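The sequence shown begins at -10 in the numbering used here and counts up one residue at a time.
Contents: one structure, followed by commentary.
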Amino acid sequence: MAISPLAAEAQAIAAEFDFGAEDGRRAVRKFVAQMSAGLAKDGDTMIPSYVTALPDGTEKGICLAVDIGGTNLRVCSVELHGDRTFTIKQNKTTIPHNIRVGSTAENLFGFIAEQVEIFLRDNYGSHVPSTATLSKSDHLPLGFTFSFTFNQTAINRGTLIRWDKGFDVPGVIGKDVIQLLQDELDKRNIPVRVTALANDTVGTLMTRSYTSPGGHKCILGAVFGTGTNGAYVEKLSNIGRLSSRKSPTGEMMVNTEWCSIDDELAVLPTNSYDDAVDKTSSNPGYTMFEKRVSGYYLGELFRLAVLDLLARTKHQAHVATVRSDSALLQQSGIDTAILSTIEGDLDPSLQATRNCLKEQLGVEHTTTEFASAVRTVVHAIGRRAARLSGVAIAAVVLKSECLSQGDSHFDIGVEGSLIEHYPGFERHLRGILREIPEIGQTGEERIHMGLANDGAGVGAALIAMVADEEEAEAKQNGRLVALPDPTSIANTCPQIPVAAASSS
Ligand code: ADP
Ligand code: MG
């Protein structure tokens, strides 16, 4: 049966997002080469984290953490029970647009400090010690997860290289972000000491290593949320800028910043929608991989592709009507969550897709055929994003040389709304792993993948504890500074409401 002109146009648009097996193999070779080159020099990829050991699940204690990941700001306290489990209490706020763009360093870090203050007040009330009664070294430790490209020079020092994911706050680039946050906390007399700086991917790697049930070595933490990035375990001797440094493990976690591998577009696929997304972004020419993979951009790719579908079929009767207030007509107006809904609509009537088009996108009078054409486009965008994610993961698997270590199995911690919610994301991603000859089906089966939920917060707490322990040991004082145990507060002071903690 001949397909309709509408379906044919949708398929033509979908074909623009093809990324085949040979494309994948070429891209993986390029990613491995760029990762090796990045390790050898000082640059804005392959950044050492100064974290030299993974947790083994027996770690214990309570610590604060802040995670600024792109869309949300999370403040939490994390209690590690020492048996691979933890309890986390957290506050989540959306970062207002006027703070994210065009504000000042003081406004942004002041906003974060205020959220820490609110969290402490809401959860610990009068049990938060006052700065007046504490010496500086007894302030509560806090791990800061800051998921932008920064140059780390110590576990508690790092300067911002550039903004991405729609952030643009002048006056932060080149500054030490720990100091900026500490200054704002101090101004408000909040008794907190920022002891560690981490990227959410390092946190994800640490968290998966702490929680992983199988006991397999965790080789990578990867995030597919607002942005995308990965951190993996590398031999210190391979890290050019630190090769003379020693650590008891001989290893260090490296933040790949794979979001900007191949910004020159030697191997990344590019179509007219990719070009348009890049041109209107806050950082044209940068983070080109991320612009094809992550939640911040997929909604916009979808918007442009659907507008093109409508333009190409405008002479066909009764395709659909776009309301004047439709999100399709607003730049960056579409949440990538919509793509998950449409991809997940398996009912032949495509009623969920049509509802979504009408209610969330202001597209009315749709037919099942139109909904199916839209779904074809969604599938192409999501599948390419997942296969590209597979390229980055395959490159790390090859770079870590883990598969040459007998026939052991390995673990990868993953985090972020896309990998968690986009139907079929992991399946498409694994397709690439199988297509790489050095991995193949047997290699792919030795690689386990699991969610490291709350990775950024728990990871930051794990890193802050390690950093704090090292500092305490240096002072020959093994005691961890920790928050009061919330349950003991509840027991001794029942009048203070303690929020229900969720366990993972
Ligand atoms: P963050 O990156 O701030 O840590 P997330 O991991 O939740 O937060 O990622 C948020 C991004 O994921 C946003 O770009 C959002 O559009 C997208 N997103 C949210 N829900 C979904 C979903 N169900 N499916 C796909 N993408 C989603
Ligand atoms: Mg996140």
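We treat Cβ as the ideally placed atom computed from N, Cα and C, and that holds for glycine.
Values in this document were obtained by computation on a predicted structure and should not be read as measured data.
May I ask you to check if the CB of residue i is nearer than 7 Å to at least one heavy atom of the ligand ADP?
i	result
residue 350	no
residue 134	no
residue 142	no
residue 175	no
residue 410	yes
residue 326	yes
Could you pull the DSSP bridge partners for residue i from this structure?
i	result
residue 37	243
residue 186	133
residue 401	209, 438
residue 54	65, 132
Taking DSSP as the reference, what is the three-state secondary structure of residue i?
i	result
residue 303	coil
residue 468	In this predicted model, residue 468 has a pLDDT of only 34, less than 50, meaning its place in the structure is not dependable; the value taken from the coordinates is given anyway. Residue 468: coil per DSSP, three-state reduction.
residue 268	helix
residue 49	strand
residue 438	strand
residue 368	helix
residue 476	Interpretation of residue 476 is limited by its pLDDT of 39, a score under 50 that renders its predicted location unreliable; no figure is taken from the coordinates.
residue 70	strand
residue 114	helix
residue 64	strand
residue 140	strand
residue 223	strand
residue 127	helix
residue 357	helix
residue 517	Summary: the structure shown does not reach residue 517, with the chain confined to residues -10 through 493, and so no result is reported for it.
residue 388	helix
residue 90	strand
residue 310	strand
residue 352	strand
residue 166	helix
residue 42	coil
residue 150	strand
residue 75	strand
Is any heavy atom in the ligand MG found nearer than 7 Å to the beta carbon of residue i?
i	result
residue 385	no
residue 445	yes
residue 158	no
residue 191	no
residue 279	no
residue 214	yes
residue 223	no
residue 353	no
residue 404	yes
residue 219	no
Is it right to say residue i is buried, meaning 16 or more other beta carbons lie within 10 angstroms of its own, or is it exposed?
i	result
residue 2	buried
residue -8	exposed
residue 472	With a pLDDT of only 46 at residue 472, under the threshold of 50, the placement of this residue in the model should not be trusted; the figure read from the coordinates follows. Under this definition residue 472 is a buried residue.
residue 425	buried
residue 405	buried
residue 38	buried
residue 419	buried
residue 348	exposed
residue 416	exposed
residue 445	buried
residue 87	exposed
Under 8 Å, Cβ to Cβ, is there at least one residue of chain C near residue i?
i	result
residue 436	Absence of chain C from the displayed structure is noted, only one protein chain being present.
Sequence ranges, alpha helix (DSSP H) only - wholly within the segment 404 to 431, length at least 4: 406 to 410, 414 to 424
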